[in-house]
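Visitor: Handing you this structure, nothing more for now.
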Amino acid sequence: MYQVVVDTNVIVAALLSNRGASHELVRLVGDRRWKMNLSVPLVFEYEQTLKRVCSGGPLASEDIDDILQFLCATANLRPIFFLWRPWLPDPKDDLVLELAVECRADFIVTFNARDFAGAGQFGISVVSPGRFLAILEEEP
Numbered sequence: 091m092y093q094v095v096v097d098t099n100v101i102v103a104a105l106l107s108n109r110g111a112s113h114e115l116v117r118l119v120g121d122r123r124w125k126m127n128l129s130v131p132l133v134f135e136y137e138q139t140l141k142r143v144c145s146g147g148p149l150a151s152e153d154i155d156d157i158l159q160f161l162c163a164t165a166n167l168r169p170i171f172f173l174w175r176p177w178l179p180d181p182k183d184d185l186v187l188e189l190a191v192e193c194r195a196d197f198i199v200t201f202n203a204r205d206f207a208g209a210g211q212f213g214i215s216v217v218s219p220g221r222f223l224a225i226l227e228e229e230p
């Protein structure tokens, strides 16, 4: 089972469109081939961004709360006892990397792979949602 951290931009894309790899990836949360990992800082980042970008359209604030509750109920919830900051140029990316290091993630799934340059030093592959879905398809 792959251990995965999903960047905020992938969750936003999944909720803004019901097409594409991001939406399919979120639809597969709970699949036996991979496990999503979350930390309190990342959940707060999801919440703040989703409510700023997605609410008011087809999703109400309560819908976003329901989605976040589902993700929290399904994912591995990981405590962060250390900070690797500053490691990356953007502190919001650092919290993703910290979680990935703590859970020994196989993958960070993001649209901004260049923002995670250096994650390979921790043995973490940075891939797009489409590439991650292709990796899952290769699984027996």
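Numbering (my numbering), first residue to last: 91 to 230.
Cβ atoms here follow ideal geometry from the backbone N, Cα and C, with glycine treated the same way.
#1: So, at 8 angstroms on beta carbons, what are the nonlocal neighbours of S151 in its own chain, with the 5 sequence-adjacent residues on each side left out?
#2: Are the beta-carbon atoms of V94 and I198 separated by less than 9 angstroms?
#3: Determine, using beta carbons only, whether F201 and A104 come nearer to each other than 9 angstroms.
#4: In chain order, what residues of the same chain have a beta carbon less than 8 angstroms from the beta carbon of I154, not counting five sequence neighbours either side?
#5: Tell me which residue opens and which closes the beta strand (DSSP E) that Q93 is part of.
#6: Quick check: F222 and I214, are their CB atoms within less than 9 angstroms of each other?
#7: Determine contact between the segment 154-163 and the segment 187-197, defined as no fewer than three beta-carbon pairs at a distance below 8 angstroms.
#8: Starting from the Cα of I157, find the closest Cα among V119, E227, E228, L185 and give me that residue.
#9: Would you kindly work out how many angstroms separate the C-alpha atoms of L132 and P230, rounded to a whole number?
#10: Under the rule that 16 or more other beta-carbon atoms within 10 Å means buried, what is L128, buried or exposed?
#11: In chain order, what residues of the same chain have a beta carbon less than 6 angstroms from the beta carbon of D97, not counting five sequence neighbours either side?
#12: What does DSSP give as the partner residue(s) for I198 in the beta ladder?
Guide: So, from the data block:
#1: Excluding positions up to five away in sequence, the list reads K141, S145.
#2: Yes; because the gap between Cβ atoms is below 9 angstroms, this pair is in contact.
#3: Taking 9 angstroms as the cut-off, the Cβ atoms of F201 and A104 do not count as close.
#4: Counting only Cβ-Cβ distances below 8 angstroms, and skipping sequence neighbours, we find L105, E137, L140, K141, C144, S145.
#5: Unbroken beta strand (DSSP E) run through Q93: 92-96.
#6: Their beta carbons are not under 9 angstroms apart, which means F222 does not touch I214 by this criterion.
#7: In short, these stretches do not touch, since the Cβ pair count stays below three.
#8: Taking each of V119, E227, E228, L185 in turn and checking the Cα distance to I157, the smallest one comes out for V119.
#9: One Cα belongs to L132, the other to P230, and the distance between them is close to 31 angstroms.
#10: Within a 10 Å sphere around the beta-carbon of L128 sit 16 or more other beta-carbons, which makes this residue buried.
#11: Listed in chain order, the non-local C-beta contacts of D97 below 6 angstroms within the same chain comprise V186, T200, local neighbours out to five positions each way being set aside.
#12: Bridge partners of I198 according to DSSP: V95, V216.
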